[in-house]
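A.B. asks: Here's a structure for you.
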Amino acid sequence: MVLVAGIAPDANAQQIYKIVGPDGRVTFSDQPPATGPTGNAAPVAVRGSGGANLAGLPFELRQAAGRYPVTLYTSPGCNTCATGRSMLMARGIPFAEKTVTTNEDSEAFKRMGATTVPVLTIGSQQLRGYSDIEWAQFLDAAGYPRTSQLPPSYVPSPATPLVALDDSPRTPAPTRQATAAPTGRTAAPTEMPTENPAGIRF
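The end of the sequence shown is residue 275 by my numbering, with every number in the run present.
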């Protein structure tokens, strides 16, 4: 298997700017406006689709995490999961952790095509089981730095269940009389994507 890493981005850029033009149009850039006042450009926090907190990270690390977010799927009491988590933390990878605990979690996990933890996703690439060498190869190819660049102030996102539970109190909906005939169409059931939709492909 040949792994091809992308061109390293400019490591000197440190912010993502929200730029509002004279016509009110909003754009985003890693560079401040080249001309004109900079009062209409404000740095913004970036959060990857994997759920890892990306605000304040160096540009190279933030760009890799934005393009190819990393998610680790674990379960309580899994020693191999703990080894994988330690590897990611030692390398300085900002990642989201999803726990597989309940029956709902297990069903969603199976729909991903996985049956055992740990599973690591890097963009759309799914790696089953822990392998230090394999995980490192894919992280390299995704453009993640080989040594930690996380600032001392970085706080990792806490682990969350794979299937979010709604603990808010439920109140019965008021009864309303139908005012229109049903159309006969029903909404399609929603299923979890089989892979992380953001983009690393080899």
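Glycine is no exception: its CB is placed at the ideal position from the N, C-alpha and C atoms.
(1) Using DSSP with H/G/I as helix, E/B as strand and the rest coil, what is L130?
(2) How would you call I206, buried or exposed, if buried means at least 16 neighbouring beta carbons within 10 angstroms?
(3) Hey, F168 and L145 are a contact pair by Cβ (cut 8 Å); roughly how many whole angstroms apart?
(4) What are the boundary residues of the alpha helix (DSSP H) that A169 is part of?
(5) If you measure between the beta carbons of V228 and D178, is that distance less than 7 Å?
(6) What does the alpha-carbon distance come out to for the pair Y141 and A215?
(7) So Y217 packs on A163, CB below 8 Å; how close in whole Å?
(8) Do the CB positions of T172 and T147 come within less than 7 Å of each other?
(9) Within 10 angstroms of its Cβ, does G150 collect 16 or more other Cβ (buried), or is it exposed?
C.D. replies: In short:
(1) coil
(2) exposed
(3) 5 Å
(4) Careful: A169 lies outside any alpha helix (DSSP H), inside the beta strand (DSSP E) at F168 to T172.
(5) Not in contact: V228 and D178 (Cβ atoms no closer than 7 Å).
(6) 7 Å
(7) With a Cβ gap of about 13 Å, Y217 and A163 do not count as contacting.
(8) yes
(9) exposed
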